[in-house]
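Peer 1:
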Amino acid sequence: MNHAEEIWKTLVRATVDKKHPWRVVGFSTSGPNGPQVRSVILRGVKPAERQLLFFTDSRSQKMADIAHDARVALLFWNPRSNTQLRVCGNAAPEASELIVNGHWERIPDYARNDYATLSAPGTALHTAVAGIELSAARDNFSVLKVTVEKMELLQLSRDGHVRVALLRDTEGVWIESGLVP
Ligand SMILES: Cc1cc2nc3c(=O)[nH]c(=O)nc-3n(C[C@H](O)[C@H](O)[C@H](O)COP(=O)(O)O)c2cc1C
Numbered sequence: 002m003n004h005a006e007e008i009w010k011t012l013v014r015a016t017v018d019k020k021h022p023w024r025v026v027g028f029s030t031s032g033p034n035g036p037q038v039r040s041v042i043l044r045g046v047k048p049a050e051r052q053l054l055f056f057t058d059s060r061s062q063k064m065a066d067i068a069h070d071a072r073v074a075l076l077f078w079n080p081r082s083n084t085q086l087r088v089c090g091n092a093a094p095e096a097s098e099l100i101v102n103g104h105w106e107r108i109p110d111y112a113r114n115d116y117a118t119l120s121a122p123g124t125a126l127h128t129a130v131a132g133i134e135l136s137a138a139r140d141n142f143s144v145l146k147v148t149v150e151k152m153e154l155l156q157l158s159r160d161g162h163v164r165v166a167l168l169r170d171t172e173g174v175w176i177e178s179g180l181v182p
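Numbering (the numbering used here), first residue to last: 2 to 182.
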């Protein structure tokens, strides 16, 4: 198996195995106020479409950042295998109501509450309206799709670190090139 196949397989596994370290992703944006990074959960992976899926609140800062600049960088770190994966891609909210509804239906009630706050996430508590409105939760729920453009893997090892860049050729095949670590 080449590195690209192995990476996509591991990403898929991280959505199934709740203890997999690649499940929690550093998700960075470049917004009107500059760069920002936060942890998010990897919710879905579609290798053929080069897509990674995330759930978020449509009122969150990251959504405004992506509207400003769709380019994002993602960081995965596995301390068990000493493996770092860096991903660059373009993010966009899923536009299909049907698809978003499909994800929403599988979210348990307790987790739906996260999207039901009357005030937007990040609102200062002293100005926020307290309480939740469950009927608004679905409208506040967004599925973010990241289409992967390039990846870089770094495997740390006493026997020698391995650093590999992965880019797509004109036919969409992932091409690997080794880099000095
Ligand atoms: C382990 C962990 C997992 C998280 N998962 C998500 C997530 O899947 N989606 C999300 O929007 N925020 C998630 N958060 C919260 C974000 O890190 C962040 O605080 C929030 O989304 C607001 O970010 P923003 O203001 O930059 O948009 C998670 C936080 C932690 C610590």
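Built from N, CA and C at the ideal position, the CB exists for glycine as well.
For clarity, every value in this text was computed on a predicted model and none was experimentally measured.
For VAL1, does the three-state DSSP call read helix, strand or coil?
Peer 2: In the structure as shown, the chain begins at 2 and stops at 182. Residue 1 is therefore absent and cannot be evaluated.
Peer 1: Please check the pair ALA112 and LEU135, which I expect to be a contact at CB under 8 Å, by giving their CB distance rounded to whole angstroms.
Peer 2: Their Cβ separation, rounded to whole angstroms, is 12 Å, which puts ALA112 and LEU135 out of contact at 8 Å.
Peer 1: Starting from the C-beta of THR38, find all residues in its chain whose C-beta is less than 6 Å away, skip the five residues before and the five after it, and write them out in chain order.
Peer 2: Checking the displayed sequence, the identity of residue 38 turns out to be Val instead of Thr. Closer than 6 Å at the Cβ level, and outside the excluded window around VAL38, lie GLY27 and SER29.
Peer 1: Could you tell me if SER143 is buried or exposed, where buried requires 16 or more neighbouring beta carbons within 10 angstroms of its beta carbon?
Peer 2: So SER143 counts as buried.
Peer 1: My understanding is that TRP23 touches LEU54, with C-beta atoms under 8 Å, so please give their C-beta distance in whole angstroms.
Peer 2: With 8 Å as the limit, TRP23 and LEU54 do not qualify as a contact, their Cβ atoms being about 14 Å apart.
Peer 1: If ASP58 and GLY32 are in contact, beta carbons under 8 Å, what's the gap, nearest whole angstrom?
Peer 2: Between GLY32 and ASP58 the Cβ distance is about 15 Å, and since that is not below 8 Å, they are no contact.
Peer 1: Leaving out five residues before and five after GLU95 in sequence, what residues of the same chain have Cβ atoms less than 6 Å from its Cβ?
Peer 2: Same-chain partners within the cutoff: VAL101, VAL144 and LYS146.
Peer 1: Report all residues for which the CB-ligand distance to some heavy atom of ligand 1 is below 5 Å; order them along the chain.
Peer 2: Working through the chain, the matches are VAL25, ARG39, SER40, VAL41, ILE42, THR57, SER61, GLN62, LYS63 and GLY123.
Peer 1: Can you tell me which of the three DSSP states GLU95 falls into?
Peer 2: Looking at GLU95 - three-state DSSP - the assignment turns out to be coil, as it is neither helix nor strand.
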